[in-house]
Amino acid sequence: MKIAMIGTGYVGLVSGVCFSDFGHDVVCVDMDPAKIEMLKRGEVPIFEPGLDTLMAKNVAAGRLTFTTDLEEAVQGVEAVFIAVGTPTRRGDGHADLTYVMAAAEQVARALTGYAVIVTKSTVPVGTNRQVKQAVRKANPALDFDVASNPEFLREGAAIDDFMKPDRVVLGVQSDRADEIMREVYRPLFLRDFPIVTTDLESAEMIKYAANAFLATKITFINEIAALCELTGADVKQVSKGIGLDGRIGNKFLHAGPGYGGSCFPKDTKALARIGQEHGLPMQITETVIKVNEEIKDRMIQKLLDLVEGSFNGKIVVVLGVTFKPNTDDMRASPALKIVPAMIGGGAKVRVVDPQGRHEGESQLPGVQWAEDAYKAAQNADLIVILTQWNEFRALDLKKIAKKMNTPKLADLRNIYSERDAKKAGFEAYVSVGRRDYF
Ligand code: NAD
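Every letter in the sequence shown is one number past the one before it in this note's numbering, and letter 191, counting from 1, is 843.
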């Protein structure tokens, strides 16, 4: 089967590579010539574990190509996937559909025969119908169907998530589109992964409801963590105690500095906006958005308390600035609020991040980039763990504490304990949701 993938970002590239690994012929299209040039040279423009190897394998097998020429790419395809960005529109929180609609119109003008035009981007309810109208308007003679196929992969584990999904959601309107979509995902059908076939609107809603639910779960435990600190409870024990209940589940119950990333912040805002537009405010989601911002402010206050109320002149080492480990993605990372607050208060900030530097250099002006935690710790006043990269999970804390001016540790991912810090010679340690100050 021949497939075109429009947009080769985190979702489009992973999906394109995985579809080619299913055995399909895939052409990946992007309007960014620099990205396509890199891909043609065999380089992966993003950091995603395992993607380079899988991409090379399928390029070598002749099933995967890259181009900026959308018109040529869609000739003879049975399915065209739109996997372009849907960022928050400035001002009103709505998902910005400019890229999706532009891609749909380009596809419509370029297609010369039947194809299913599949929206993989996360889009508000009703968008697939808009896409259908736009395609019809741009190319009235075209025989086509639209389909909604939201993506649930997580950056950092994207290939596994794509190849072994909890479910695939297919929103379709015709048997013909349904059949083609089943063919696209045939290897997953054969291996009995759950496939949920729905109408277009339900597929669109599933994606927002899933992300809003997960954001709510994280925010709930973060709020419980704040109460743990005041009451003497330990949020790690609380998470374990509630997570073992099968109705709750143990995932997304790790307290931390608030959710970030390319999806939860924008998708919760978009869902809130959809609710407002329909005269039904999404009160839970709106509260989650507000509480998540407050959690980041609480983290800043926590750090400020550690440095006696002023960052001025302090040397702070930040371990991890990407929004989570195993990605280079900095979009809406808590670091983007916490680091500038410290710099604004007069701190000198040194950052260590295994993959974040490329993105971070433009997004975090004024920080110094260091190679590793040990070098960065020299004469520092405070270490802040913001992202739980594996590299930061087994640090020689003693070695670090020795190098510091005032050995203080803010462990905002709860990867160490008060005991670890004390044993290593730290004079102060804070974490999230545990009363373990000393
Ligand atoms: P991204 O910004 O990494 O990639 C989008 C790509 O599309 C860019 O390379 C851009 O140049 C390209 N593009 C835009 N318009 C184009 C056009 N007309 N023709 C060709 N290329 C075009 O975005 P992403 O993170 O991959 O997200 C894409 C969509 O998937 C979003 O709607 C997002 O919400 C959703 N999603 C993302 C994730 C994730 O983890 N990143 C997970 C699930 C769903």
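Beta carbons: idealized from backbone N, C-alpha and C, even for Gly.
Output the residue ranges of the alpha helix (DSSP H) runs that lie fully inside the region 674-718 and measure 4 residues or longer, sorted by chain position. Those alpha helix (DSSP H) runs which fall completely within the region 674-718 and span 4+ residues are 685-692, 703-712.
Taking the alpha carbon of residue 974 as the point to measure from, which residue in 994, 962, 733, 1010 has its own alpha carbon closest? The residue given as residue 974 occupies position 322 in the sequence shown. Nearest neighbour of residue 974 by Cα position, chosen from 994, 962, 733, 1010, turns out to be 1010.
Sequence-distant residues of its chain with Cβ nearer than 6 Å to residue 1055 (five each side left out): Position 403 of the sequence shown, counted from the first residue, corresponds to residue 1055. Same-chain partners within the cutoff: 1029, 1030.
Should residue 717 be listed as close to the ligand NAD, given that the test is whether its C-beta is under 6 Å from any heavy atom? For the purposes of this step, residue 717 is taken as the residue at position 65 of the sequence shown. For residue 717, the shortest C-beta to heavy atom distance toward the ligand NAD is 6 Å or greater.
Roughly how many angstroms lie between the CA atoms of residue 863 and residue 1032, to the nearest whole one? Your numbering for residue 863 matches position 211 in the sequence shown. Your numbering for residue 1032 matches position 380 in the sequence shown. Straight-line measurement puts the Cα of residue 1032 at about 38 Å from the Cα of residue 863.
So, under 8 Å CB-CB, residue 732 and residue 786 are touching, yes? Tell me the CB distance rounded to an integer number of Å. The residue you call residue 732 lines up with position 80 of the sequence shown. The residue you call residue 786 lines up with position 134 of the sequence shown. 14 Å between Cβ atoms; not a contact.
Where residue 1067 falls: helix, strand or coil (DSSP): Residue 1067 sits at position 415 when you count from the first residue of the sequence shown. Residue state, collapsed to three classes: coil.
Rounded straight-line distance, which links the Cα of residue 935 to that of residue 951: Along the sequence shown, read from residue 1 onward, the residue named residue 951 stands at position 299. Along the sequence shown, read from residue 1 onward, the residue named residue 935 stands at position 283. For residue 951 and residue 935, the distance between alpha carbons rounds to 24 Å.
Is the beta carbon of residue 948 closer than 7 Å to that of residue 910? Walking along the sequence shown from the start, residue 910 turns up at place 258. Walking along the sequence shown from the start, residue 948 turns up at place 296. Result yes, Cβ atoms of residue 910 and residue 948 sit closer than 7 Å.
Taking residue 751 as part of the alpha helix (DSSP H), name the residues at either end of that continuous run. Residue numbering aside, residue 751 sits at position 99 when the sequence shown is read from its first letter. 750-762 is the extent of the alpha helix (DSSP H) around residue 751.
Cβ-based burial, residue 900 [other Cβ within 10 Å; buried from 16]: By one-based count along the sequence shown, residue 900 stands at place 248. So residue 900 counts as exposed.
I'd like the list of long-range same chain contacts for residue 963, defined as Cβ closer than 6 Å, with 5 residues on each side in sequence excluded. Sequence index remark: in the sequence shown, residue 963 carries index 311 (1-based). So the list reads 994, 997, 998, 999, once near-sequence residues are dropped.
Reference residue 1014, options 988, 1035, 1073, 1024, closest by Cα: If you number the sequence shown from 1, residue 1014 lands on position 362. Per the Cα distances, 988.
Mind checking who residue 823 pairs with in its DSSP beta bridge? Sequence index remark: in the sequence shown, residue 823 carries index 171 (1-based). According to the DSSP secondary-structure assignment, residue 823 is paired through a beta bridge with 800, 850.
Contact between the region 738-751 and the region 662-682 (3+ Cβ pairs under 8 Å): By the Cβ criterion, the region 738-751 is not in contact with the region 662-682, since fewer than three pairs of Cβ atoms, one from each stretch, lie closer than 8 Å.
Where residue 654 sits in the DSSP three-state scheme: Here the question's residue 654 lines up with position 2 in the sequence shown. If DSSP states are grouped into helix, strand and coil, residue 654 belongs with the strands.
Indicate, with yes or no, if the ligand NAD has a heavy atom lying under 6 Å from the CB of residue 941. Stepping through the sequence shown from its first residue, residue 941 is reached at position 289. Not so, every heavy atom of the ligand NAD lies at least 6 Å from the Cβ.
CB of residue 860 to nearest heavy atom of the ligand GDP: below 6 Å? This structure lacks the ligand GDP; its bound ligands are the ligand NAD.
Would you call residue 716 buried or exposed, if buried means 16 or more other Cβ atoms sit within 10 Å of its Cβ? Reading the sequence shown from its first residue, position 64 is the one you call residue 716. Burial state of residue 716 is buried, judged by a 10 Å Cβ sphere holding 16 or more other Cβ atoms.
Return the residue from the list 882, 879, 906 that minimises the CA-CA distance to residue 888. As a working note, residue 888 is residue 236 in the sequence shown. From the listed residues 882, 879, 906, the smallest Cα separation to residue 888 is found for 906.
Is residue 609 near the ligand NAD - that is, is its Cβ less than 6 Å away from at least one heavy atom of it? Nothing in the structure corresponds to residue 609, since the chain is present only between 653 and 1090.
DSSP state of residue 671 mapped onto helix, strand, coil: The residue you call residue 671 lines up with position 19 of the sequence shown. In the three-state DSSP reduction, residue 671 falls in the helix class (H, G or I).
If you draw a straight line from the C-alpha of residue 921 to the C-alpha of residue 938, how long is it? Working through the sequence shown from its first residue, we reach residue 921 at position 269. Working through the sequence shown from its first residue, we reach residue 938 at position 286. Within the model, the alpha-carbon separation for residue 921 versus residue 938 is close to 8 Å.
Can you tell me where the beta strand (DSSP E) with residue 806 in it begins and where it stops? Your numbering for residue 806 matches position 154 in the sequence shown. Membership of residue 806 in any beta strand (DSSP E) is not indicated, and neither H nor E is assigned to it by DSSP.
What does residue 1021 pair with, by DSSP beta-bridge criteria? Translated into positions along the sequence shown, residue 1021 becomes position 369. DSSP, once it has assigned bridges, lists 1003 as partnering residue 1021.
Hey, out of 811, 807, 782, whose CA is closest to residue 799's CA? The count along the sequence shown starts at 1 and reaches residue 799 at position 147. It is 782 whose Cα lies nearest to the Cα of residue 799.
If you run the structure through DSSP and keep just helix, strand and coil, what is residue 793? Within the sequence shown, the letter at position 141 stands for residue 793. Three-state DSSP puts residue 793 in coil, outside helix and strand.
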